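*Asks:* Quick note on my numbering: the sequence shown kicks off at 28 and runs consecutively.
The beta-carbon is built from N, C-alpha and C at its ideal position, and this holds for glycine as well.
Predicted model only: the values in this text are computed from it and were never measured.
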Amino acid sequence: MEKDNKNFRASMLKKRYANVILKSQQEILGKAFYGEKMKKKAKLCGKQLQEEKPKSQLERDRKASRIAIESIKRTVHFDDALQAEREFLSIIGATNIW
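#1: Just to check my reading of the structure: residue 58 and residue 48 have Cβ atoms closer than 8 Å, yes? What is that Cβ distance to the nearest angstrom?
#2: Hey, how far is the Cα of residue 98 from the Cα of residue 84?
#3: Name the two residues that bound the continuous alpha helix (DSSP H) containing residue 41.
#4: For residue 57, which of helix, strand or coil comes out of DSSP?
#5: How long is the line joining the alpha carbons of residue 33 and residue 46, rounded to whole angstroms?
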């Protein structure tokens with residue numbers, strides 16, 4: 028008899044608070060879902076960061092190389108050989124072939 032009363036009371040309480048129970052279960056599952064979603068997102072961001080590091084390092088190296096190349100002072104120009112030949116021909120008194 029006492030067992031029946033407990034079961035009856037439990038079923039009445041479940042019926043009465045069914046909405047509250049359902050909402051709390053959804054909230055608990057929702058938090059677990061969002062927690063799992065956040066873990067996946069964090070893992071993806073970490074993976075992207077690991078992929079980005081070598082790329083950014085390579086980009087910095089390329090930029091430094093470009094700056095170094097641009098800062099090199101030109102000591103030889105493409106027409107230096109032609110100018111040297113003209114000077115030589117004028118020194119020896121030869122006429123230009125051109």
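*Replies:* Let's see:
#1: About 16 Å separates the two Cβ atoms, so there is no contact after all.
#2: A direct Cα-Cα distance of roughly 21 Å separates residue 98 from residue 84.
#3: Annotation: the continuous alpha helix (DSSP H) that includes residue 41 extends over 29-43.
#4: Note: residue 57 maps to helix in three-state DSSP.
#5: Computed Cα separation, rounded: 21 Å.
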